[in-house]
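Per my numbering, residue 1 is the first one in the sequence shown, and the count goes up by one each step.
All C-beta atoms, glycine included, are put in the ideal place defined by N, C-alpha and C.
This one's a predicted model, so the numbers in the text were calculated from it and none came from an experiment.
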Amino acid sequence: MAQKSAIAIGAHPDDIEFCMAGTLLQLRAVGWKIHYFNLSSGNLGSVTMTSSKTVQTRAKEARAAARILKATYHASICQDLEIMYDIPALRKVAGVIRKSRASIVLTHSPVDYMEDHTNTCRLAVTAAFAHGMPSFKTSPTTRPYGHDVAVYHAMPHSLQGPLREKIVPGSFVDTTDVHEVKIEALGAHASQQDWLNTSQGMNSYLKTADDMSRHAGKLSKKFRHAEAWRRHLYYGFSRTEVDPLSTALGNLHKINAAYERMIKKGT
Ligand SMILES: [Zn+2]
1 MAQKSAIAIG AHPDDIEFCM AGTLLQLRAV GWKIHYFNLS SGNLGSVTMT SSKTVQTRAK
61 EARAAARILK ATYHASICQD LEIMYDIPAL RKVAGVIRKS RASIVLTHSP VDYMEDHTNT
121 CRLAVTAAFA HGMPSFKTSP TTRPYGHDVA VYHAMPHSLQ GPLREKIVPG SFVDTTDVHE
181 VKIEALGAHA SQQDWLNTSQ GMNSYLKTAD DMSRHAGKLS KKFRHAEAWR RHLYYGFSRT
241 EVDPLSTALG NLHKINAAYE RMIKKGT
């Protein structure tokens, strides 16, 4: 039987807050357990601190963010720009998914502007695929589980693929009620605010997240703040086609009819 458990798997500390935390919070509000897992320590995310100091600082910040979200924290397993689609990483990610017993896996877009995000997605997808395969060994060894899993992909940075093509959202989750908490969790990543201002010209860390969710809300034509998703094909993940985000969230979830038309047409 499916369990009310969801896991967000991001590449770097703060990715979850930018594009997945609102959905986690809405699931928690309807009784789901939520899990928080960034694969990378975020060790390159500073121009002033040493790598080891940055790792320490960012782990502390990520733990604080998970506490604000009331999510179970899972420690990172690798370093920035070193998230590889390889067997050791796959065994670790599969171990965390099995531990969470998740029915919903939230992760990055299958393609995104940088490879850490893309590889995180690939690891999360295969690890979710292996959730019920006893012969696939995880690290540490973790009991497989048989209930259905659905994988949802967050939108890529600026809703574009790496070739600058526009990516259309498949559905929206209303995050208006939980927006304040989502921003509070993002604010826990204090070391990143200055860093992104200098490295990527984001004039304000928190304002960027605010703008992103307002933009998704506008695209939904229904919600003030939203997060957008694309649902993975169910083959191998569940017995039949399921959409637990829609089932769990009801009116807080909206399918994007334009996306459904697009995939039916095959363009
Ligand atoms: Zn990232």
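Whether residue i touches residue j by CB criterion (7 Å)
{"i": "residue 83", "j": "residue 116", "result": "yes"}
{"i": "residue 182", "j": "residue 10", "result": "no"}
{"i": "residue 40", "j": "residue 86", "result": "no"}
{"i": "residue 59", "j": "residue 36", "result": "no"}
{"i": "residue 17", "j": "residue 206", "result": "no"}
{"i": "residue 101", "j": "residue 145", "result": "yes"}
{"i": "residue 51", "j": "residue 43", "result": "yes"}
{"i": "residue 69", "j": "residue 90", "result": "no"}
{"i": "residue 34", "j": "residue 71", "result": "yes"}
Expected contact under 8 Å - CB spacing of residue i and residue j to nearest Å
{"i": "residue 230", "j": "residue 161", "result": "Not a contact, Cβ separation roughly 12 Å."}
{"i": "residue 236", "j": "residue 129", "result": "5 Å"}
{"i": "residue 98", "j": "residue 126", "result": "With 8 Å as the limit, residue 98 and residue 126 do not qualify as a contact, their Cβ atoms being about 13 Å apart."}
{"i": "residue 61", "j": "residue 188", "result": "5 Å"}
{"i": "residue 2", "j": "residue 148", "result": "6 Å"}
6 Å Cβ shell around residue i - same chain, five flanking residues per side excluded
{"i": "residue 224", "result": "176, 217"}
{"i": "residue 30", "result": "248"}
{"i": "residue 228", "result": "155, 169, 172, 216"}
{"i": "residue 20", "result": "8, 106, 154"}
{"i": "residue 242", "result": "148, 150"}
Euclidean distance between Cα positions of residue i and residue j
{"i": "residue 8", "j": "residue 47", "result": "28 Å"}
{"i": "residue 172", "j": "residue 27", "result": "14 Å"}
{"i": "residue 155", "j": "residue 77", "result": "23 Å"}
{"i": "residue 118", "j": "residue 110", "result": "6 Å"}
{"i": "residue 261", "j": "residue 233", "result": "16 Å"}
{"i": "residue 193", "j": "residue 265", "result": "42 Å"}
{"i": "residue 104", "j": "residue 64", "result": "23 Å"}
{"i": "residue 73", "j": "residue 95", "result": "14 Å"}
{"i": "residue 132", "j": "residue 25", "result": "26 Å"}
{"i": "residue 92", "j": "residue 214", "result": "35 Å"}
{"i": "residue 219", "j": "residue 258", "result": "11 Å"}
{"i": "residue 184", "j": "residue 54", "result": "21 Å"}
{"i": "residue 49", "j": "residue 13", "result": "16 Å"}
{"i": "residue 208", "j": "residue 179", "result": "13 Å"}
{"i": "residue 56", "j": "residue 222", "result": "41 Å"}
Contacts around residue i, its chain only, beta-carbon distance under 8 Å, and the 5 residues preceding and following it disregarded
{"i": "residue 211", "result": "none"}
{"i": "residue 253", "result": "171, 172, 173, 174, 245, 246"}
{"i": "residue 250", "result": "none"}
{"i": "residue 143", "result": "98"}
{"i": "residue 141", "result": "95"}
Proximal residues to residue i (C-beta, below 7 Å), its chain only, five neighbours per side dropped
{"i": "residue 157", "result": "112, 113"}
Any non-hydrogen atom of ligand 3 within 6 Å of residue i CB
{"i": "residue 148", "result": "Ligand 3 is absent from the structure shown, which contains only ligand 1."}
I need the residues with a C-beta less than 5 Å from some heavy atom of ligand 1; please give them in chain order.
11, 12, 15
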